[in-house]
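Below you'll find the structure, written out as structure tokens, and then a few comments.
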Amino acid sequence: MEGFGHSGIRTLIVIPYLNEAKTIEGLLVKFTGAMQGRLFRIVVADGGSTDGTPDIVTRFSMRDPRIVLLANPKRIQSAGINLAIEMFGAGYDCLIRIDAHGDYPDDYCQRLIEDAVKTGADSVVVGMETVGHGTFQKATAMAQNSKLGNGGSKHRDGAKGHWIDHGHHALMRISAFTAVGGYDETFSHNEDAELDYRLRKAGFRIWMTDKTRMTYYPRSNVRPLFKQYMAY
Numbered sequence: 026m027e028g029f030g031h032s033g034i035r036t037l038i039v040i041p042y043l044n045e046a047k048t049i050e051g052l053l054v055k056f057t058g059a060m061q062g063r064l065f066r067i068v069v070a071d072g073g074s075t076d077g078t079p080d081i082v083t084r085f086s087m088r089d090p091r092i093v094l095l096a097n098p099k100r101i102q103s104a105g106i107n108l109a110i111e112m113f114g115a116g117y118d119c120l121i122r123i124d125a126h127g128d129y130p131d132d133y134c135q136r137l138i139e140d141a142v143k144t145g146a147d148s149v150v151v152g153m154e155t156v157g158h159g160t161f162q163k164a165t166a167m168a169q170n171s172k173l174g175n176g177g178s179k180h181r182d183g184a185k186g187h188w189i190d191h192g193h194h195a196l197m198r199i200s201a202f203t204a205v206g207g208y209d210e211t212f213s214h215n216e217d218a219e220l221d222y223r224l225r226k227a228g229f230r231i232w233m234t235d236k237t238r239m240t241y242y243p244r245s246n247v248r249p250l251f252k253q254y255m256a257y
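The opening position of the sequence shown corresponds to residue 26 in the numbering used here, with each subsequent residue numbered one higher.
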């Protein structure tokens, strides 16, 4: 990635969420610890949570000024990330998008940055494995991990690192993100695929890394899962 050095990349980590009190503390501990020695800020974009998640983030921000709680009045993830870039993107080189409904290896950000530097990619996307804990969640995870459930998507079944048209969003050069206008906020879901289409159309390159991946936890009961897939 032109002008990037491994330790000098200024990274804006954005976590858009709604009611993620069970996972947000672990994510903040993980990423503040893993990013020591790097120039970074974590923006946690809250879509109107009612479960106490903002209180957890506020406590962290009082101890570490690199963590910022940002109100996202439009609620959806695409709007939260756009707002974070608008408010804090200046002075940072890349965006790393974190899904609060998932988990990540301790070296997740480092591997993304390394592949961005090595390949010169404008966007680095990752593979995703769905994991469940309860009976319903496990069944959902099994379905989503199967070729029948995911259509054989490369960001689902894993592959060697390669150039790709779309994948699960992880790292993106902020200059590329802003050049195409960021996420289209009319998309409450699939905003990543729509943005990848515009990135590729504008000549930007997307790299699917094989150096790291994320774990996603599906909805734990029928109603929210049904609403999620109806939106897709």
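Built from N, CA and C at the ideal position, the CB exists for glycine as well. Predicted model only: the values in this text are computed from it and were never measured.
What's the call for residue i, buried or exposed, on a 16-neighbour Cβ count within 10 Å?
i: R88; result: exposed
i: G159; result: With a pLDDT of only 47 at G159, under the threshold of 50, the placement of this residue in the model should not be trusted; the figure read from the coordinates follows. G159 is exposed by the Cβ-count criterion.
i: H187; result: exposed
i: E216; result: buried
i: D147; result: buried
i: G72; result: buried
i: R84; result: exposed
i: A227; result: exposed
i: H180; result: In this prediction, H180 has a pLDDT of 47, which is less than 50 and means its spatial position is unreliable; what the coordinates show is noted afterwards. Buried, by the Cβ-count rule.
i: P41; result: buried
i: Q105; result: In the sequence under discussion, the amino acid at residue 105 is Gly, which differs from the Gln named in the question. Under this definition G105 is a buried residue.
Could you check where the beta strand (DSSP E) with residue i kicks off and where it finishes?
i: M153; result: 148–155
i: R297; result: With the chain represented from 26 up to 257, any question about residue 297 goes unanswered, as that position is not in the structure.
i: P41; result: 36–42
i: I189; result: 187–189
i: I121; result: 119–122
Find the nearest neighbour of residue i within the set the options, judged by alpha-carbon distance.
i: L53; options: V142, P79, R223, G33; result: P79
i: R223; options: E111, L108, G207; result: G207
i: M153; options: G145, H214, T234, G73; result: T234
i: V93; options: V69, M197, D221, L43; result: V69
i: K236; options: N44, G58, E139, F65; result: E139
i: T75; options: L43, S86, A96, F65; result: L43
i: P98; options: G77, A141, F113, E210; result: E210
i: I38; options: G77, H214, F113, A104; result: F113
i: S200; options: V82, A115, S86; result: A115
i: F202; options: T155, D221, G77; result: D221
i: I189; options: T155, S213, F229, A96; result: F229
i: G145; options: M197, A96, T155; result: M197
i: R100; options: H214, V205, Y242, L120; result: H214
Is it the case that the CB of residue i approaches a heavy atom of the ligand ZN more closely than 7 Å?
i: L220; result: The ligand content of the structure shown is nil, which means the ligand ZN is not present either.
Grab the span of the alpha helix (DSSP H) containing residue i for me, first residue to last.
i: T240; result: No alpha helix (DSSP H) contains T240, which is instead part of the beta strand (DSSP E) from 231–241.
i: I92; result: Segment 92–96 is the beta strand (DSSP E) holding I92; no alpha helix (DSSP H) there.
i: R136; result: 133–144
i: M112; result: 102–113
i: I49; result: 49–59
i: I199; result: 199–204
i: Y222; result: 216–226
i: P79; result: 78–88
Give the C-beta separation of residue i and residue j to the nearest angstrom, bearing in mind that I take them to be a contact with Cβ-Cβ under 8 Å.
i: D132; j: K55; result: With 8 Å as the limit, D132 and K55 do not qualify as a contact, their Cβ atoms being about 10 Å apart.
i: M60; j: V151; result: Actually they are not in contact, since the Cβ atoms of M60 and V151 sit about 17 Å apart, beyond 8 Å.
i: R35; j: D118; result: 5 Å
i: R122; j: H191; result: That belief does not hold up - the Cβ atoms of R122 and H191 are roughly 14 Å apart, past 8 Å.
- [ ] Would you check if there are 3 or more beta carbon pairs closer than 8 Å linking the stretch 32–51 to the stretch 118–137?
- [x] Judged by pairs of C-beta atoms under 8 Å, the stretch 32–51 touches the stretch 118–137, as three or more such pairs exist.
Task: Meets three-Cβ-pair contact criterion under 8 Å: the stretch 133–147 and the stretch 95–110 - done: No, the stretch 133–147 is not in contact with the stretch 95–110.
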